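Q:
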Amino acid sequence: MSWAIAAAVAGALAVAAGAALQERTVITAPTSGISQFRLLRHLAHSPRWLVGTALTVSGVGAHMWALGHAPLTVIQPINMSGLLFAVVLSAFFHKRKLSRSQVVGSLAVTVGLVSLLSVLPYHTETPDFEHPALSMLPGVALLVLLACLAIARYSGDAVQAWTLALGGGVAYAVTSALARVIGLGVLEDPLNIVRPLTAVALVVGLCGALVVQNAYRTHHFALAYATLLISDPITAGIIGVAFFGEPLPEGPMNGVIAAVATAVIMAGTVTLAKSTRPAKAAVTVPLLDSADDEDGEAAERPAAEPDAGDPAAADSAPRTAVRTEAGQARTGPRAPAGRAAARRQRAEPGRSY
C-alpha cells in the first residue's frame, strides 16, 4: 500500500509539471480557424509541449500502477497534491508572483477535497471485471464531453475553462475506474490487458486529454486545473459507490466533515476564479534605446556618440528616453549635439555660429 501511495504522489507531481509546461504552449496556438488535428500538429512541433506530454504520460502511468494496488477512493484524492505545485509552476513560467488569493484558493481546494475523500470508508473488495454496468461508463463520459463542448462553444473564457476542465475530469475519472478494473485483471493474468476494455479506456482518456488542452488555452489555468482535480476524484468516488459497491461516509461526524469539505472546495474554486485573469498582450512602448533593469523598471541606455565632424549625424542623434516611477515617458536634451557644436567652435575660432 505504501508503494502505491508513493507512486500516486510522484505521478501527481509529474502530471502537474506537465500541465504547466503544456499550458505555456497551447496559449500561443492559433485561437480560430484551426482543427483539432492541426492543433495537435502545431503542439507536436514544440519541445516544451513534448516534455510536458512526457511528464504527463509518466505521471498517468504511475497513477495507473497505483490503482492496481490500492482502492480508488485512496488513490484519486492524492492527485490533489499536485494542484498547488502546478499553480506555482504556472506563475514561474509566466514570470509573475503568486498572489495571496491563488495560494489561499489552492490550499482550500486541496485541503477540502482531501478531507472530503478521506472520510470515505476503506474498501478493498475486488470489483467484478465482467460487471455489465461498466459498459455504460464510456458512453456517459462521451455524453458529458459533448455537453461541455456545446456549452463552452457559446461561453466566455472563464466558463469555457470550467466546463472543458469538468468534462476532462469526468473522462479522467472514467478512465481511472476502467484502469483499476484492468489493472486488477492484469495482476491475475497479464493477458487480460489485451481486451476491448483497454482500447475503450484509451479512447476515453485521449478524448479527455484533448478537451483539457483546450481548457488550458483559455488563459484561466488555475481555474481549469482546479476544476479538473475537483471533478476527477468526485466522479471517481461516485463511480466507486455506484459500480464498485464502495460505501458512503458513516456516522454524523463523517457527514459533517464531508459537508464542510465541500463548502471549502467551493470557496477555493471561487477564489481561484476571481484571482485568475486572462493574460494580457504585451504593450510595446516606443521608447528609443530603453531597456529593462533588474527591478523591471525601464533604464536609460546611453546613445552612441556622433561623429564630431558630421553636423548631420550630430543633429540626428536620438533623444534618450527614460521611464519615471509614475510610468511616464520623459525625453532628455540633445546632449551629444551640444558637445559636438562646442568642439567645432573651439576648432574654428574665427567662424561665427
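With this note's numbering applied, the sequence shown covers 699 to 1051. Where is the CB? At the ideal position from N, CA and C, for every residue including glycine. Just so you know, these numbers come straight off a predicted model, no measurement behind them.
Taking just the CA atoms, how far does Arg746 sit from Val802?
A: Across the structure, Val802 and Arg746 are spaced so that their CA atoms are roughly 29 angstroms apart.
Q: Is Glu944 helix, strand or coil by DSSP?
A: Under the three-state reduction of DSSP output, Glu944 falls in the coil class, being neither helix nor strand.
Q: Tell me the residue span of the alpha helix (DSSP H) that contains Met778.
A: Note, Met778: premise wrong, no alpha helix (DSSP H); not H, not E.
Q: Can Leu970 and Leu921 be called in contact, C-beta distance under 7 angstroms?
A: yes
Q: Which word fits Asp887, buried or exposed, when buried means at least 16 other C-beta atoms lie within 10 angstroms of its C-beta?
A: exposed
Q: In whole angstroms, give me the CA-to-CA distance for Phe791 and Arg915.
A: 15 angstroms
Q: Taking DSSP as the reference, what is the three-state secondary structure of Leu796?
A: The answer is coil: DSSP assigns Leu796 none of H, G, I, E or B.
Q: For a test of the three-state rule: what should DSSP assign to Pro1009, helix, strand or coil?
A: Since pLDDT at Pro1009 reaches only 41, below the 50 mark, its modelled position is unreliable, and the value read off the structure follows with that caveat. In the three-state DSSP reduction, Pro1009 falls in the helix class (H, G or I).
Q: Do you know whose CA, among Leu787, Ala856 and Arg739, lies nearest Val713's CA?
A: Leu787
Q: Where are the alpha helix (DSSP H) runs, 4 residues long or more, that stay fully inside the stretch 871 to 941, in chain order?
A: Runs found: 894 to 914 and 919 to 941.
Q: Between the Cα of Ala956 and those of Pro819, Ala831 and Gly881, spot the shortest distance and give me the residue it belongs to.
A: Pro819
Q: Going by alpha carbons, who is nearest to Pro836 out of Ala869, Leu847, Ala702 and Leu711?
A: Ala869
Q: What is the DSSP secondary structure of Val707, counted as helix, strand or coil?
A: helix
Q: According to DSSP, is Pro836 helix, strand or coil?
A: helix
Q: Can you give me the C-alpha to C-alpha distance between Gly881 and Leu814, rounded to a whole angstrom?
A: 26 angstroms
Q: State yes or no: is the C-beta of Ser929 within less than 7 angstroms of the C-beta of Leu864?
A: Judged by beta-carbon spacing, Leu864 lies within the 7 angstroms limit of Ser929, meaning their Cβ atoms are closer than that value.
Q: Are three or more beta carbon pairs between the stretch 769 to 779 and the stretch 938 to 955 nearer than 8 angstroms?
A: yes
Q: Is His761 helix, strand or coil by DSSP?
A: DSSP, reduced to helix, strand and coil, places His761 within a helical segment of the structure shown.
Q: Which of the three DSSP states is assigned to Gly966 in this structure?
A: helix
Q: In this structure, does DSSP put Ala768 in helix, strand or coil?
A: coil
Q: Work out the CA separation of Gln911 and Ala856 for me, nearest whole Å.
A: About 15 angstroms.
Q: If distances are taken between C-alpha atoms only, which option among Tyr923, Leu895 and Thr896 comes closest to Ala907?
A: Tyr923
Q: Pick from Met778, His918 and His743: whose alpha carbon is nearest that of Glu721?
A: His918
Q: Just to check my reading of the structure: Ala1105 and Ala859 have Cβ atoms closer than 8 angstroms, yes? What is that Cβ distance to the nearest angstrom?
A: Beyond the ends of the chain as shown, which are 699 and 1051, falls residue 1105; an answer cannot be given.
Q: Closest to Ala934 by CA distance: which of Met951, Ala875 and Arg893 is it?
A: Ala875
Q: Whole-angstrom Cβ separation of Met778 and Ala877, contact assumed at under 8 angstroms?
A: That pair is no contact at about 18 angstroms.
Q: I'd like to check one pair, Val958 with Ala806: are the Cβ atoms closer than 7 angstroms?
A: no
Q: Going straight from the alpha carbon of Gly867 to that of Val902, what length do you get?
A: 11 angstroms
Q: Assign Asp1013 to one of two classes, buried (16 or more other C-beta atoms within 10 Å of its C-beta) or exposed (fewer than that).
A: Residue placement at Asp1013 is flagged as unreliable, the pLDDT there being 43, under the threshold of 50; a coordinate-derived value is accordingly withheld.
Q: According to DSSP, simplified to helix, strand and coil, what is Pro1064?
A: Nothing can be reported for residue 1064: it is not among the residues displayed for the chain, which extend from 699 to 1051.
Q: What separation, rounded to the nearest whole angstrom, lies between the Cα atoms of Arg736 and Leu889?
A: 36 angstroms
Q: When we look at the beta-carbon of Ala977 and count the other beta-carbons within 10 Å, is it buried (16 or more) or exposed?
A: With a pLDDT of only 46 at Ala977, under the threshold of 50, the placement of this residue in the model should not be trusted; the figure read from the coordinates follows. Exposed.
Q: Where Ser797 and Gly780 are concerned, what is the direct C-alpha to C-alpha distance, given to the nearest angstrom?
A: 18 angstroms
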